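Student:
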Amino acid sequence: MSDDRIEVRGLTKTYEGGDPARPALDRVDLDVPRRHFVSLIGPSGCGKSTLLRVLAGLERPDAGRVAVFGSTPERMCAAKAVGLVPQTPALLPWLNVRRNVALPSRVNRRAGNAAGDPDELLSMVGLEDVARKYPHQLSGGMQQRVAIARAFGIRPDVLLMDEPFSALDEFTREALQLHLLRLWEHMSTTVVFVTHSVREAVTLSDEIVVMSARPGRVHEVLPVDLPRPRGSGVTADPRLHRVEDRVRASLQVAWESGAAPDDLVPL
Ligand SMILES: Nc1ncnc2c1ncn2[C@@H]1O[C@H](COP(=O)(O)OP(=O)(O)OP(=O)(O)O)[C@@H](O)[C@H]1O
Ligand SMILES: [Mg+2]
1 MSDDRIEVRG LTKTYEGGDP ARPALDRVDL DVPRRHFVSL IGPSGCGKST
51 LLRVLAGLER PDAGRVAVFG STPERMCAAK AVGLVPQTPA LLPWLNVRRN
101 VALPSRVNRR AGNAAGDPDE LLSMVGLEDV ARKYPHQLSG GMQQRVAIAR
151 AFGIRPDVLL MDEPFSALDE FTREALQLHL LRLWEHMSTT VVFVTHSVRE
201 AVTLSDEIVV MSARPGRVHE VLPVDLPRPR GSGVTADPRL HRVEDRVRAS
251 LQVAWESGAA PDDLVPL
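Position 176 of the sequence shown, counting from 1, maps to 176 under full-length UniProt numbering, and the rest follow consecutively.
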């Protein structure tokens with residue numbers, strides 16, 4: 001076990017009631033070096049969220065081994081070293097926006113860790129004006145931005161983000177991608193990021209893990225050889241387009257090799 005990487009070896013996971021012949025994850029091997037930014041991309045249902053939940057210590061694998069910097073995911077989670085932005089924002093409905101963001105910071109302060117200032121975090125995601133509103137008074141995209149601000153507030157060693165920007169308009173999405181890159185550079189966090197956007201994966205990542213569905217497997221790991229720091233100008237770099245083409249080609253093969261004809265439901 002290495003203390004400078006997340007190591008996944010032979011990870012297999014079937015949900016209760018699921019078909020054991022088609023596990024959600026099937027013998028997945030993955031390496032995420034410390035301080036790398038790695039994206040997972042692949043067809044819906046290929047196990048991306050399941051993999052994040054295993055890394056967060058929220059699901060147990062049926063077989064295989066998972067180590068986060070030489071420790072177990074459960075221990076990392078208990079030490080508040082892992083932050084998860086889930087696919088649907090899990091905010092506490094009885095706390096206003098500011099208190100939702102401040103919550104992990106308060107827990108962290110008790111644990112003696114440095115914590116992000118909730119007002120600063122809210123202005124980072126452009127929500128300083130709704131600090132006193134409650135989650136039900138916000139749009140889905142705004143709720144997601146609160147969840148993002150909260151995860152940053154933990155200043156975790158590992159940040160797991162499950163399609164965090166998918167409910168946002170393009171302008172906000174691009175702004176938050178740049179914010180995330182600045183924070184990641186600043187905080188030396190290791191990020192595992194799930195997205196369906198090839199452009200987003202290439203803009204942000206050091207490596208892109210292309211997954212195939214049914215059962216979920218790692219199809220290919222593609223390096224992104226674009227210089228850092230990356231700003232808004234990165235989209236004009238011809239190298240970005242070359243990597244995008246490679247990711248799309250890989251996804252195409254992963255898609256064709258993964259889906260059996262009986263999975264295709266006529267609409
Ligand atoms: N709690 C659960 N109980 C039973 N089956 C589940 C559960 N969660 C996920 N699954 C199944 O496991 C498989 C992988 O699901 P998962 O949510 O990890 O996929 P995903 O890659 O994140 O998909 P998407 O891109 O749509 O978010 C799917 O077949 C899904 O139906
Ligand atoms: Mg998912």
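Beta carbons are placed, not taken as given, at the ideal position from N, Cα and C, and that holds for glycine.
Just so we're clear, the structure is a prediction, and the values are computed from it rather than from any experiment.
Would residue 257 be called buried (16 or more neighbouring beta carbons within 10 Å of its own) or exposed?
Tutor: With fewer than 16 Cβ atoms within 10 Å of its Cβ, residue 257 is classed as exposed.
Student: Within the continuous alpha helix (DSSP H) that includes residue 10, where are the two ends?
Tutor: From DSSP, residue 10 is part of no alpha helix (DSSP H) but of the beta strand (DSSP E) over 5-13.
Student: Would residue 173 and residue 91 qualify as a contact pair, given that the criterion is a beta-carbon distance under 9 Å?
Tutor: Cβ atoms of residue 173 and residue 91: not closer than 9 Å.
Student: Skipping 5 residues on each side, what residues in its chain have a beta carbon closer than 8 Å to that of residue 235?
Tutor: These residues qualify, in order along the chain: 199, 203.
Student: Look at residue 164 and residue 143 and say whether their C-beta atoms are less than 9 Å apart.
Tutor: No, they are not a contact pair.
Student: Output the boundary residues of the beta strand (DSSP E) element that contains residue 175.
Tutor: Where residue 175 is concerned, there is no enclosing beta strand (DSSP E), although the alpha helix (DSSP H) it sits in stretches over 170-187.
Student: State buried or exposed for residue 253, treating a residue as buried only when at least 16 other CB atoms are found within 10 Å of its CB.
Tutor: When all chains shown are included, residue 253 counts as exposed.
Student: May I ask whether a heavy atom of ligand 2 can be found less than 8 Å away from the beta carbon of residue 31?
Tutor: No, the beta carbon of residue 31 sits no closer than 8 Å to any heavy atom of ligand 2.
Student: Going straight from the alpha carbon of residue 133 to that of residue 238, what length do you get?
Tutor: Going from the Cα of residue 133 to the Cα of residue 238 covers about 44 Å.
Student: Helix, strand or coil for residue 251, going by three-state DSSP, please let me know.
Tutor: Residue 251: helix per DSSP, three-state reduction.
Student: Enumerate in chain order the residues of its own chain whose CB-to-CB distance from residue 212 is below 6 Å, with the five nearest sequence positions on each side excluded.
Tutor: Hits under 6 Å: 219, 254, 257, 258.
Student: Can you tell me whether residue 163 sits near ligand 2, meaning its C-beta is under 8 Å from at least one heavy atom of the ligand?
Tutor: Under cutoff, so the answer is yes.
Student: Tell whether a beta-carbon distance below 9 Å holds between residue 148 and residue 54.
Tutor: Their beta carbons are not under 9 Å apart, which means residue 148 does not touch residue 54 by this criterion.
Student: Using 10 angstroms around the beta-carbon of residue 289, count the other beta-carbons present and answer buried if the total reaches 16, otherwise exposed.
Tutor: Any answer about residue 289 is impossible in this case: the structure gives the chain only from 1 up to 267.
Student: Roughly how many angstroms lie between the CA atoms of residue 45 and residue 131, to the nearest whole one?
Tutor: C-alpha separation (whole angstroms): 35 Å.
Student: Straight-line CA distance for residue 270 to residue 47?
Tutor: Shown here, the chain extends from 1 to 267; a query on residue 270 therefore has no answer.
Student: Opposite residue 37 in the DSSP bridges: which residues?
Tutor: Answer is 191.
Student: Which runs of the alpha helix (DSSP H) fall wholly inside the region 201-237 and span at least 4 residues, in chain order?
Tutor: Listed in chain order, nothing qualifies, since the region 201-237 has no complete alpha helix (DSSP H) run of 4 or more residues.
Student: Please name the residue, chosen from 101, 34, 49, 187, that lies closest to residue 196 on a Cα-to-Cα basis.
Tutor: Checking every option, the nearest Cα to that of residue 196 belongs to 49.
Student: According to the neighbour-count rule (16 or more other Cβ atoms, all chains shown, within 10 Å of its Cβ), is residue 94 buried or exposed?
Tutor: Result: exposed.
Student: With DSSP as the reference, label residue 129 as helix, strand or coil.
Tutor: The answer is helix: DSSP assigns residue 129 an H, G or I state.
Student: If you count every other CB in all the chains shown that lies within 10 Å of the CB of residue 286, and 16 or more means buried, which is it?
Tutor: The structure shown does not extend to residue 286, since the chain is modelled only from 1 through 267, so no value can be given for it.
Student: Going by Cα to Cα distance, which pick from 157, 222, 201, 177 is closest to residue 70?
Tutor: Closest by alpha carbon: 157.
Student: Comparing the CB of residue 194 with every heavy atom of ligand 1, is any distance shorter than 8 Å?
Tutor: Yes; taking the cut-off as 8 Å, the Cβ of residue 194 has a heavy atom of ligand 1 nearer than that.
Student: Is residue 48 near ligand 1, judged by its Cβ being under 8 Å from some heavy atom?
Tutor: At least one heavy atom of ligand 1 is nearer than 8 Å to the Cβ of residue 48, so yes.
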